[in-house]
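Undergrad:
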Amino acid sequence: MEQELKNKKILITGGAGSVGSALIKDLLKYDVNVIRIFDISENEVHKLKNNFIGEERLRYLIGDVRDSNRLELAMDGIDIVVHLAAMKHVYSCEYNPFEAVKTNINGLQNVIDCARKENVEKMIFSSTDKAARPLSVMGITKLMGEKLVSLAEYYKGDKRTLFASVRFGNVIGSNGSVVPVFKKQINEGGPVIINDIEMTRFVITMPEAVDLILKAIKFVKGGEVFVWKMKTLRIPDLALAMTKRYANGKEIKMIIRGKGEGEKIHEETMSEEELSRSVEMENLYIIFPMIDHARVRIKYQDAQEIKNPVISSDMGEFLSQEAIDKLLEKEIDPC
């Protein structure tokens, strides 16, 4: 990655969030020129600034991706854009669909347009496994976002910008994810609320999420969706493991509430149709764009056809409660 990032000017939209903060910490290990953090939350930007006191390569910008003029100023002279800003909670998007469209679709199109206009080198969009055969408003907006990114590669003309997406699962410990929600419920004495006893999820650690973004920056050829080969777990197993770890011997009740609006029982990393135009390389699946995918496929000579794909969270071997406990010890307790 040293060569890909050396002396680069990087913009991270939504950069004050948990994934953005982790990405910044990792990027600062490299010889980058500057990192501009663009975020709508003044409070989160202030917290982030206090975490990086004295780091002269960071710039802090308050702004909304819905505002194309502000974005254009933020992107002036930038080489690499990582677009993390989004409405990302299923419930919020279900009940505020027009706002989700404004941020997740219109806001993304603003980022794409500015990236083309400023002729940036690479633009990476953060998506979600909920974009695979989506049921929720959030998943639908993210799938539409992936298509906008892939098509931007198709109509970019003589611009140098390479566009690609990454799909996350449930990022362990990220703001609003299931782990901090369960931990808060346990600390308050319960109950721990589970939506469905059969529910499963793909999980990705924060370092893996950062590595996925960096690998997309390194490998992007144009229009791809990069997916980490993620582990799977049962949500009840996660709740039990967390209760054993954090309840300090207290009895914590669990309640089955029922599947929420827009939720799936099982998530998918990709659809069957997407699998037909995908390859694997290292710890990644790479989905080629629907339009003109042969043009991109030929650039991945070292990639392999996918063998034994795990594309649904109810497939493969689930993490045991013991394995989940070790994951919590490594990823959550040090925070």
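Heads up: the sequence shown runs through residues 104 to 438, numbered per the numbering used here.
Cβ coordinates follow ideal geometry from the N, Cα and C atoms, glycine included.
1. Tell me whether Val524 sits in a helix, a strand or coil according to DSSP, three-state version.
2. Here's the rule: buried if 16 or more other CB atoms are within 10 angstroms of the residue's CB, otherwise exposed. What is Asp326?
3. Excluding sequence positions up to five away, which residues of its chain have a Cβ less than 7 angstroms from the Cβ of Ala319?
4. Per DSSP, which residues does Phe305 bridge with? Please list them.
5. Just to confirm the assignment, what range does the beta strand (DSSP E) spanning Phe141 have?
6. What are the complete beta strand (DSSP E) segments, minimum 3 residues, inside the region 256-289?
7. In chain order, what residues of the same chain have a beta carbon less than 8 angstroms from the beta carbon of Gly180, not counting five sequence neighbours either side?
8. Could you pull out every residue in the same chain whose Cβ sits closer than 6 angstroms to the Cβ of Asp299, ignoring the five residues on either side in sequence?
9. In its own chain, which residues sit with a C-beta less than 6 angstroms from the C-beta of Pro442, not counting the 5 before and 5 after it?
10. What residues match up with Tyr388 in a beta bridge as DSSP calls it?
11. For the region 148-199, which segments carrying the beta strand (DSSP E) assignment without a break, of at least 3 residues, lie completely within its bounds, in sequence order?
12. When you measure from the CB of Gly352 to every non-hydrogen atom of the ligand SAH, does any distance come out below 8 angstroms?
13. Hey, could you find the ends of the beta strand (DSSP E) Ser230 is sitting in?
14. Please identify the residue among Pro392, Glu371 and Glu385 whose C-alpha is closest to the C-alpha of Gly419.
TA: Well, looking at it:
1. Residue 524 is absent from the structure shown; the chain starts at 104 and stops at 438.
2. Correcting the residue type first, residue 326 is Gly in the shown sequence and not Asp. Under this definition Gly326 is a buried residue.
3. Excluding its 5 nearest sequence neighbours in each direction, Ala319 has C-beta neighbours in its own chain below 7 angstroms: Ile227, Ala267, Val269 and Phe329, listed in chain order.
4. The partner list for Phe305 (beta bridge, DSSP) reads Thr335.
5. Bounds of the beta strand (DSSP E) holding Phe141 are Val137 to Asp142.
6. Counting only runs of 3 or more, we get 265-271.
7. Non-local beta-carbon contacts of Gly180 in its own chain, meaning distances under 8 angstroms to residues more than five positions away in sequence, involve Lys112 and Glu221 in chain order.
8. The residues are Lys362 and Ile368.
9. This structure cannot speak to residue 442, because the chain is shown only from 104 to 438.
10. DSSP lists Val330 and Glu383 as the bridge partner or partners of Tyr388.
11. Taking only runs of at least 3 residues, the beta strand (DSSP E) segments lying wholly in the region 148-199 are 161-165 and 183-186.
12. Ligands are entirely absent from the displayed structure, and the ligand SAH is therefore not among its contents.
13. Note, Ser230: beta strand (DSSP E), Lys225 to Thr231.
14. Nearest option by C-alpha distance: Glu371.
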